[in-house]
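These notes are about the structure you will find just below.
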Amino acid sequence: MPESHNQTKPDHFNGISLLIPIFNEQHGIPDLWQSLEKTAASIDEAVEIVFVDDGSTDNSLEQLKALKSPHLEQQIIAFSRNFGKEAAMTAGLRHCRGQAIIILDADLQDPPELIPAMLEQWHKGFDVVNMRRKQRHGETWFKKLSAKAFYRFINHLSEDSIPENVGDFRLLSARVVDSINRLPERNRFMKGILAWPGFKQTTLEFDRPQRELGDSKWNISQLVALAVDGITSFSTKPLRLATWLGLSTAMFAIIYATWVVVKTLVYGESVAGYPTLMITLLFSSAIQLIALGVIGEYLARVFIEVKQRPIYQVAEHHHEQPLVSITER
Ligand code: UDP
Ligand code: MG
Numbered sequence: 020m021p022e023s024h025n026q027t028k029p030d031h032f033n034g035i036s037l038l039i040p041i042f043n044e045q046h047g048i049p050d051l052w053q054s055l056e057k058t059a060a061s062i063d064e065a066v067e068i069v070f071v072d073d074g075s076t077d078n079s080l081e082q083l084k085a086l087k088s089p090h091l092e093q094q095i096i097a098f099s100r101n102f103g104k105e106a107a108m109t110a111g112l113r114h115c116r117g118q119a120i121i122i123l124d125a126d127l128q129d130p131p132e133l134i135p136a137m138l139e140q141w142h143k144g145f146d147v148v149n150m151r152r153k154q155r156h157g158e159t160w161f162k163k164l165s166a167k168a169f170y171r172f173i174n175h176l177s178e179d180s181i182p183e184n185v186g187d188f189r190l191l192s193a194r195v196v197d198s199i200n201r202l203p204e205r206n207r208f209m210k211g212i213l214a215w216p217g218f219k220q221t222t223l224e225f226d227r228p229q230r231e232l233g234d235s236k237w238n239i240s241q242l243v244a245l246a247v248d249g250i251t252s253f254s255t256k257p258l259r260l261a262t263w264l265g266l267s268t269a270m271f272a273i274i275y276a277t278w279v280v281v282k283t284l285v286y287g288e289s290v291a292g293y294p295t296l297m298i299t300l301l302f303s304s305a306i307q308l309i310a311l312g313v314i315g316e317y318l319a320r321v322f323i324e325v326k327q328r329p330i331y332q333v334a335e336h337h338h339e340q341p342l343v344s345i346t347e348r
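First residue of the sequence shown? That's 20 in my numbering, and the numbers climb one at a time after it.
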């Protein structure tokens with residue numbers, strides 16, 4: 020059934036929601052489902068699972084639709100094409116109805132067994148439970164290093180601090196989710212968006228296991244795009260940096276120009292000086308291009324925001340009530 024992107028949530032639900040973005044995970048779904056059912060059975064709250072199928076091209080959606088559980092409430096939101104994990108999480112947060120929402124990856128790299136520990140923190144009154152990775156098993160040194168550099172850089176630039184090594188795996192209380200759902204921007208850099216509302220936070224550490232089945236869906240250019248999105252959506256400092264670069268180059272140019280004028284007046288004009296000329300020219304045009312590029316990145320985002328396009332397009336929405344209600348369990 021088609022629906023608009025800002026459909027309001029259906030009836031009230033007193034349990035917790037597990038939000039899982041799915042993109043071509045057909046090999047992992049059976050294990051995932053088994054693990055979810057086991058975890059759900061071990062906690063007191065009623066559980067709603069919200070799958071967002073991000074335009075999978077394999078058999079994932081059919082598999083999701085075939086999943087039946089006597090106890091779990093289930094929603095499947097299927098996109099009309101692949102919109103990316105950030106869009107999938109945005110959609111999921113708008114449809115989750117639980118009093119606490121936990122975002123999980125489908126590949127069991129965010130172990131569902133940790134959910135009871137997260138809920139325990141929530142019961143203690145925390146609105147956000149961040150899950151920090153102790154080690155990044157099975158990731159290349161390049162990904163580890165670039166991730167580290169990225170967190171350094173973005174936290175240096177932006178005022179809201181984005182916790183290091185905390186992925187999207189986290190628990191959010193309903194009021195945090197409401198607050199996130201009110202953010203209107205199209206640029207969904209979720210690590211920043213999830214951190215934006217604030218509220219009472221705590222962090223648990225965990226060992227992130229390797230991906231067992233299927234492949235990681237990210238390539239280098241996507242990671243670079245994500246990083247640039249993150250920086251430009253949470254800080255305007257690169258623009259200021261461009262201004263400073265321009266100003267300091269101008270200062271340097273004035274001093275150097277004075278020197279050249281004085282030298283010419285005292286010693287007369289000489290034809291030599293090609294290397295200096297060349298270096299100055301290249302240097303100043305490089306600075307200009309960098310500054311233009313930075314402005315371009317922001318302008319591109321302003322362009323995307325003013326278009327006001329929806330963040331995703333839903334093709335199908337299924338909602339299954341459990342066969343047995345929680346009280347009969
Ligand atoms: N994912 C998604 N849309 C995408 C790419 C990934 O919904 O375009 C989902 C994917 O199915 C998984 C989660 O996002 O549930 C994390 O993806 P992945 O394991 O590839 O990322 P990594 O763990 O390598 O950061
Ligand atoms: Mg993964």
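Ideal Cβ positions, reconstructed from N, Cα and C, are used throughout, including at glycine.
Host beta strand (DSSP E) of residue i (start-end)
i, result
"F225", "Q220 to R227"
"D187", "V185 to S192"
"S12", "Outside the displayed range of the chain (20 to 348) lies residue 12, so it cannot be described from this structure."
"I68", "V66 to D72"
"Q93", "E92 to F98"
"R122", "Sequence check: residue 122 is Ile here, not Arg. Here the beta strand (DSSP E) through I122 covers A119 to I122."
Same chain, Cβ closer than 7 Å to residue i, neighbours up to 5 away in sequence not counted
i, result
"E316", "V247 and T251"
"V195", "D146, V147, P216 and F218"
"G287", "none"
Beta carbon proximity, residue i to chain B, threshold 8 Å
i, result
"R328", "In the structure shown, chain B does not exist; there is a single protein chain."
Residue burial classification, residue i (beta-carbon count within 10 angstroms, cutoff 16)
i, result
"P89", "exposed"
"L301", "exposed"
"I323", "exposed"
"A125", "buried"
"A244", "exposed"
"R152", "buried"
"R113", "buried"
"V185", "buried"
"V69", "buried"
"I298", "exposed"
"P293", "Correcting the residue type first, residue 293 is Tyr in the shown sequence and not Pro. It is exposed - the Cβ of Y293 has fewer than 16 other Cβ atoms within 10 Å."
"F253", "buried"
"A269", "exposed"
Residue interval of the alpha helix (DSSP H) (run including residue i)
i, result
"Q53", "I48 to A60"
"A334", "It is not in any alpha helix (DSSP H) - A334 instead sits in the beta strand (DSSP E) that spans V333 to E339."
"S254", "Note, S254: premise wrong, no alpha helix (DSSP H); not H, not E."
"G312", "Y293 to K326"
"T76", "Unbroken run through T76: none, as it is neither H nor E."
"T109", "K104 to H114"
"N174", "W160 to L176"
"E139", "I134 to H142"
"A214", "M209 to A214"
Neighbourhood of residue i by C-beta distance below 8 Å, restricted to the same chain and skipping five residues each side
i, result
"L202", "I212 and W215"
"L138", "I35, I62, E64, A119 and L190"
"Q154", "D226 and R227"
"A334", "P21, A97, F98 and S99"
"K219", "G144, F145, D146 and V147"
"K104", "P40, F42, D73, D187, M209 and K236"
"L223", "L133, A136, M137, Q140, V148, N149, M150 and R151"
"A261", "I309, A310, V313 and I314"
Residue i versus residue j: straight-line alpha-carbon distance, rounded
i, j, result
"S75", "H142", "36 Å"
"E67", "Q340", "9 Å"
"F42", "Q128", "15 Å"
"I95", "F161", "35 Å"
"F32", "G47", "28 Å"
"I306", "R259", "14 Å"
"G111", "H337", "13 Å"
"Y275", "F188", "54 Å"
"K282", "A291", "13 Å"
"K57", "S240", "37 Å"
"P49", "N101", "22 Å"
"T221", "P182", "11 Å"
"E204", "L284", "58 Å"
"G265", "A310", "8 Å"
"E166", "N174", "Note on residue identity: the sequence assigns Ala, not Glu, to residue 166. Approximately 12 Å between the Cα atoms of the pair."
"Q82", "Q45", "7 Å"
Contacts around residue i, its chain only, beta-carbon distance under 6 Å, and the 5 residues preceding and following it disregarded
i, result
"F169", "A246"
"A107", "P40, V71 and D73"
"P135", "I62"
"A193", "Q118"
Residue i Cβ short of 7 Å to the ligand HEM heavy atom set
i, result
"R113", "For the ligand HEM, the structure offers nothing, since it holds only the ligand UDP and the ligand MG."
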